[in-house]
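S.K.:
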């Protein structure tokens, strides 16, 4: 049973899972980072308070976050087809993954940026800094370790979601686990894929934690 | 003298959900170039709001703020930002960028003014030597003590050669020794570069140490303004008295109902043993409840609180005796500290 073909399949599945996770996270950040920034900036008491924009984004983020991933995955199949050309496979899974993760990322970014001391923002304003400078050089720069921790959490969460996409032929380790482990009762393959998924999350978490610690200048060493 | 800051009838009202707070109720103030102006008040008096109106971190609800004759309200956003590069500010909690080195913190305001990195770093090093932190260039704020952080903040504030330096409770988080060192540094900067300094504080000792002028703010209004010497010698308002004679409340409580007077000594009167002579002249002892001299702007000033004898005639005689010696005598009968 553990022939070359199976091993190759699992190695390939690991690669596909990483591909989906990394690309989805990247896209989710491309959407979620600006979204999180806008949430912080337009919030009451923010740099440019705007009740309407804030409320709309706040509600949209909450709605998307509250839709279970599997439902969202199927709900947006037409959209996925429109973007990728098909609704199954690893690349097609990236679309719902990114869309599901973006609001989650936005909330993580929001909470990271809100940790930045208001006094530092005020100091920058007193120096004549514009909002753009404050966003990038104060908010994002000062929150960077917290943002990296958030990024690590996102990677882990998206990795978990990507395994779920296996149900609809999403590809990757989750797909293998369902097809072999669940439908064909091959428990050994199931166990191997689960162990690999756990190992991947562990590794990503470790890298993220180390990176954020290394970049944090508030810790005196 | 050239007027640097002029505040005309400034009010600030904060409208909350279920209450409105009138933080400032019509403030008029004029600060001249090169002065070290103290604004002192109890917490909640509105002093932090007032100082934030000077660079429009808070926009006044009504009234006008002129900096070198320019009405801040008339400036557009980019003009206001430009103006702010000339009005630096330091804070109680330093507000440094924690993820940047000391030198990069000092370079930050120069990034805003688009100074080249090379020039900015040269200027930052120069400032580091002024505040005495040359060896900490590559350190991060988390590795510095409170006093060192405030020195970095001062260097950062001076980076763009501002005309005004606003200090919002800049020494309130520091111990007395460090406070003294920071105040000395501010004084040096004021003398060397002619920067007008506005100091917000709740500690009279800070004002006493370095300010030339003082405004006393109480419940959103200015209770009293003048030179530090004037206000210390002859505090007129209740708020001023409360601040000048901080810590004497207990004595006042005790003295209630008895006839007490405060005598103020000025520089030309403190040599004669006046109280002793008075006692000899009147042949009646007095109770000295409090005696205090302090160094204000390099001149010794003192005050003394006496409890007079119950005999009205002798009491009057004593007051007359002191007045004849050009001392200021003030009755404290109904004073509630």
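Chains as they are written, first to last, in the numbering used here: chain A, 906 to 1126; chain B, 175 to 511.
Quick reminder that beta carbons are idealized off the backbone N, C-alpha and C, glycines included.
Check the Cβ-Cβ distances between residue 186 (chain B) and every residue of chain A, and say whether any is below 8 Å.
M.R.: No, because no Cβ of chain A sits closer than 8 Å to the Cβ of residue 186 (chain B).
S.K.: Among residues of its own chain, excluding the 5 on either side of residue 402 (chain B), which ones have a beta-carbon nearer than 8 Å to its beta-carbon?
M.R.: Taken in chain order, the residues that qualify are 212, 381, 382, 385, 386, 387, 388, 470 and 471.
S.K.: In the DSSP assignment, what are the bridge partners of residue 392 (chain B)?
M.R.: Looking at the DSSP output, residue 392 (chain B) shares a beta bridge with B:395.
S.K.: So, at 6 Å on beta carbons, what are the nonlocal neighbours of residue 424 (chain B) in its own chain, with the 5 sequence-adjacent residues on each side left out?
M.R.: Confidence in residue 424 (chain B) is poor, its pLDDT being 46 and thus under 50, which makes the residue's placement too unreliable to answer from.
S.K.: As a quick exercise: from B:235, B:205, B:336 and B:198, pick the residue whose alpha carbon is nearest that of residue 224 (chain B).
M.R.: Comparing Cα positions, the closest option is B:198.
S.K.: Is it true that the CB of residue 1000 (chain A) sits closer than 8 Å to the CB of residue 981 (chain A)?
M.R.: yes
S.K.: Here's a check: name, in chain order, each residue in its chain whose Cβ is nearer than 7 Å to the Cβ of residue 266 (chain B), leaving out the five neighbours to either side.
M.R.: 342, 343, 344, 346 and 347
S.K.: Mind pulling the chain B residues with CB within less than 8 Å of residue 1049 (chain A)?
M.R.: Within 8 Å of the CB of residue 1049 (chain A), the CB atoms of chain B belong to 273, in sequence order along the chain.
S.K.: By alpha-carbon positions, which one of B:409, B:287, B:312 and B:413 ends up nearest to residue 394 (chain B)?
M.R.: B:413
S.K.: Would you say residue 1098 (chain A) and residue 915 (chain A) are within 8 Å of each other, going by their C-beta atoms?
M.R.: yes
S.K.: By DSSP, does residue 953 (chain A) sit in helix, in strand, or in coil?
M.R.: coil
S.K.: If we call anything under 8 Å between Cβ atoms a contact, is residue 236 (chain B) one with residue 185 (chain B)?
M.R.: yes
S.K.: Looking at the secondary structure, which residues open and close the beta strand (DSSP E) in which residue 263 (chain B) lies?
M.R.: 261-265
S.K.: Could you give the distance in angstroms between the alpha-carbon of residue 250 (chain B) and the alpha-carbon of residue 234 (chain B)?
M.R.: 16 Å
S.K.: For the region 941-953 of chain A against the region 1010-1019 of chain A, are there 3 or more C-beta pairs whose distance is under 8 Å?
M.R.: yes
S.K.: I think residue 456 (chain B) touches residue 492 (chain B), with their Cβ atoms under 8 Å apart; what is that distance to the nearest whole Å?
M.R.: 6 Å
S.K.: Only counting the same chain, and skipping five residues up and downstream in sequence, which positions put a Cβ closer than 7 Å to that of residue 1050 (chain A)?
M.R.: 1117, 1120 and 1121
S.K.: Where does residue 1030 (chain A) land, buried or exposed, given buried means 16+ other C-beta within 10 angstroms?
M.R.: Counting every other CB atom within 10 Å of its CB across the protein chains shown gives residue 1030 (chain A) a total of 16 or more, marking it as buried.
S.K.: I need the DSSP call for residue 337 (chain B), collapsed to helix, strand or coil.
M.R.: coil
S.K.: Identify which residue in B:220, B:242, B:329 and B:391 has its Cα closest to the Cα of residue 179 (chain B).
M.R.: B:242
S.K.: Determine the chain B residues that contact residue 1115 (chain A) at a beta-carbon separation under 7 Å, and present them in chain order.
M.R.: Listed along the chain, the chain B residues whose CB falls inside 7 Å of the CB of residue 1115 (chain A) amount to none; the nearest CB is some 17 Å away.
S.K.: Taking the alpha carbon of residue 1004 (chain A) as the reference point, which residue from A:1036, A:967 and A:1032 has its own alpha carbon closest?
M.R.: Nearest C-alpha to residue 1004 (chain A): A:967.
S.K.: Measuring only the C-alpha atoms, how far is residue 368 (chain B) from residue 434 (chain B)?
M.R.: The alpha-carbon atoms of residue 368 (chain B) and residue 434 (chain B) are separated by roughly 44 Å.
S.K.: Go ahead and pull the three-state DSSP assignment for residue 1051 (chain A).
M.R.: helix
S.K.: Do residue 283 (chain B) and residue 1032 (chain A) have their C-beta atoms within less than 8 Å of each other?
M.R.: yes
S.K.: Could you list which residues in chain B have their beta carbon closer than 9 Å to that of residue 1123 (chain A), in chain order?
M.R.: 272, 273, 314, 315 and 316
S.K.: Any beta carbon of chain B sitting closer than 8 Å to that of residue 1028 (chain A)?
M.R.: yes
S.K.: Pull up the CB-CB distance for residue 501 (chain B) and residue 462 (chain B), whole angstroms please, since I reckon it's below 8 Å.
M.R.: With a contact defined as Cβ atoms closer than 8 Å, residue 501 (chain B) and residue 462 (chain B) miss out at about 14 Å.
S.K.: Check whether the Cβ atoms of residue 1067 (chain A) and residue 1077 (chain A) lie closer than 8 Å to each other.
M.R.: Yes, these two residues count as a Cβ contact at 8 Å.
S.K.: For residue 1046 (chain A), which residues in chain B fall below 9 Å Cβ to Cβ?
M.R.: 271, 273 and 274
S.K.: Determine the DSSP secondary structure at residue 236 (chain B), reduced to helix, strand or coil.
M.R.: strand
S.K.: Answer yes or no: do residue 280 (chain B) and residue 301 (chain B) have a C-beta to C-beta separation smaller than 8 Å?
M.R.: Against a cut-off of 8 Å, the Cβ pair of residue 301 (chain B) and residue 280 (chain B) comes out as a contact.
S.K.: So what does residue 480 (chain B) bridge to, in DSSP terms?
M.R.: Paired residue(s): B:435 and B:462.
S.K.: Is the separation between the beta-carbon of residue 1021 (chain A) and that of residue 1002 (chain A) shorter than 8 Å?
M.R.: no
S.K.: Are the region 191-210 of chain B and the region 298-316 of chain B in contact at 8 Å, needing three or more beta carbon pairs?
M.R.: no
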